[in-house]
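**Q** In this note's numbering, the protein residues as written are 23 to 281.
For every residue, glycine included, the Cβ atom is placed at its ideal position computed from N, Cα and C.
Note that the structure is predicted; figures quoted are calculated from it, not measured.
1. Pull the bridge partners of residue 63 from the DSSP assignment, please.
2. Can the beta-carbon of residue 150 be found less than 9 Å from the beta-carbon of residue 62?
3. Helix, strand or coil for residue 131? Go by DSSP, reduced to three states.
4. Considering Cα atoms alone, identify which of 117, 123, 72 and 109 is closest to residue 223.
5. Residue 71 by DSSP, collapsed to three states: which one?
6. Quick one: what's got a C-beta closer than 6 Å to residue 155's C-beta in the same chain, skipping five residues either side?
7. Leaving aside the five residues before and after residue 264 along the sequence, list all residues of the same chain whose C-beta is less than 7 Å from its C-beta, in chain order.
8. Between 253, 124, 69 and 128, which has its C-alpha nearest residue 106's C-alpha?
9. Three-state secondary structure (DSSP) at residue 211?
10. Can we say the region 195-207 touches the region 239-248, given the rule of at least three CB pairs closer than 8 Å?
11. Where does the unbroken beta strand (DSSP E) through residue 311 begin, and where does it stop?
12. Could you tell me the distance, in whole angstroms, from the CA atom of residue 172 to the CA atom of residue 197?
13. Going by other Cβ atoms of all chains shown within 10 Å of its Cβ, with 16 needed for buried, is residue 277 buried or exposed?
14. Taking only three categories from DSSP, how would you classify residue 126?
15. Tell me which residues share the same chain as residue 124 and place their Cβ nearer than 8 Å to its Cβ, disregarding the 5 neighbours each side in the sequence.
16. Mapping DSSP to helix, strand and coil, what is residue 222?
17. Given that a residue counts as buried once 16 or more other Cβ atoms are within 10 Å of its Cβ, and exposed if not, what is residue 76?
18. Could you please give me the residues that DSSP links to residue 204 through a beta bridge?
19. Let me know the beta strand (DSSP E) ranges lying completely inside the region 224-257, each 3 residues or longer, listed in chain order.
20. Taking 9 Å as the threshold (C-beta atoms), are residue 122 and residue 132 in contact?
21. May I have the straight-line CA-CA distance separating residue 209 from residue 258, to the nearest angstrom?
22. Would you kindly work out how many angstroms separate the C-alpha atoms of residue 246 and residue 234, rounded to a whole number?
23. How close, in whole Å, do the beta carbons of residue 78 and residue 109 come, if the pair is a contact with beta carbons under 8 Å?
24. Provide the residue span of the beta strand (DSSP E) that contains residue 261, from first to last.
25. Give the DSSP-derived three-state secondary structure of residue 138 in the structure shown.
Here it is, written out as structure tokens:
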């Protein structure tokens, strides 16, 4: 199924070239890239195993699509990167969500998310913001990825925005700035809470308690009741509590970049 999807994407991507080649008199005109408001880097997980449960995990789809919709409509170009690059595992595929449908029908988005960059291919200076989507997979491959941490600190210290939602803040736990301090130290931060993790019965499955880890490195943790939308904005760091917060995180990123 994945191979078919890749083949279909490759075929569709090549269609304009084939059409131009088939003409007898029209000269090929270089495609002009549309002007954008800037570039934003979305980071998704490469990890697909939910601990030792035998179940699958990955990135949570709406935590990608909802911020993507807000930022795409605001004119931003969005690129995708993952710890291993290439195609990534996904969960939370809700076909009744019209934004998920729009994302699935967007050729550029599908090409980028099915062929994600590796961290080594990212040029941090090109991006105005970095956003870490959640899904339980990130708990295994975000926190100790030194390349992603370096990208994050560079974007932040270049004056950019750092954002994450749900389990996505796992990427921020170990990020250090050039002054040696943790990025989250002294900042108001939230994420998927210990209470929410316990509420879905995965507190003994995840490799660590995210809320606890953030607080340990100096975060001033803020949250709402379980599964309520909650977004915290503090000094160009934006964090959302759960999947219900994803669109609001997108709104907050847009606002931060436009101010």
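**A** This is what the structure gives:
1. 101 and 152
2. yes
3. helix
4. 72
5. Looking at residue 71 - three-state DSSP - the assignment turns out to be strand.
6. 66, 81, 85, 86 and 190
7. 188, 214, 218 and 249
8. Sorting 253, 124, 69 and 128 by C-alpha distance to the C-alpha of residue 106 places 69 at the top.
9. strand
10. yes
11. In this structure the chain extends from 23 to 281, so residue 311 is not present and cannot be described.
12. 7 Å
13. exposed
14. helix
15. The answer, listed in chain order, is 87 and 91.
16. coil
17. exposed
18. 198
19. 253-256
20. no
21. The alpha-carbon of residue 209 is positioned some 10 Å away from that of residue 258.
22. Whole-angstrom Cα-Cα distance: 16 Å.
23. With 8 Å as the limit, residue 78 and residue 109 do not qualify as a contact, their Cβ atoms being about 14 Å apart.
24. 259-262 is the extent of the beta strand (DSSP E) around residue 261.
25. strand
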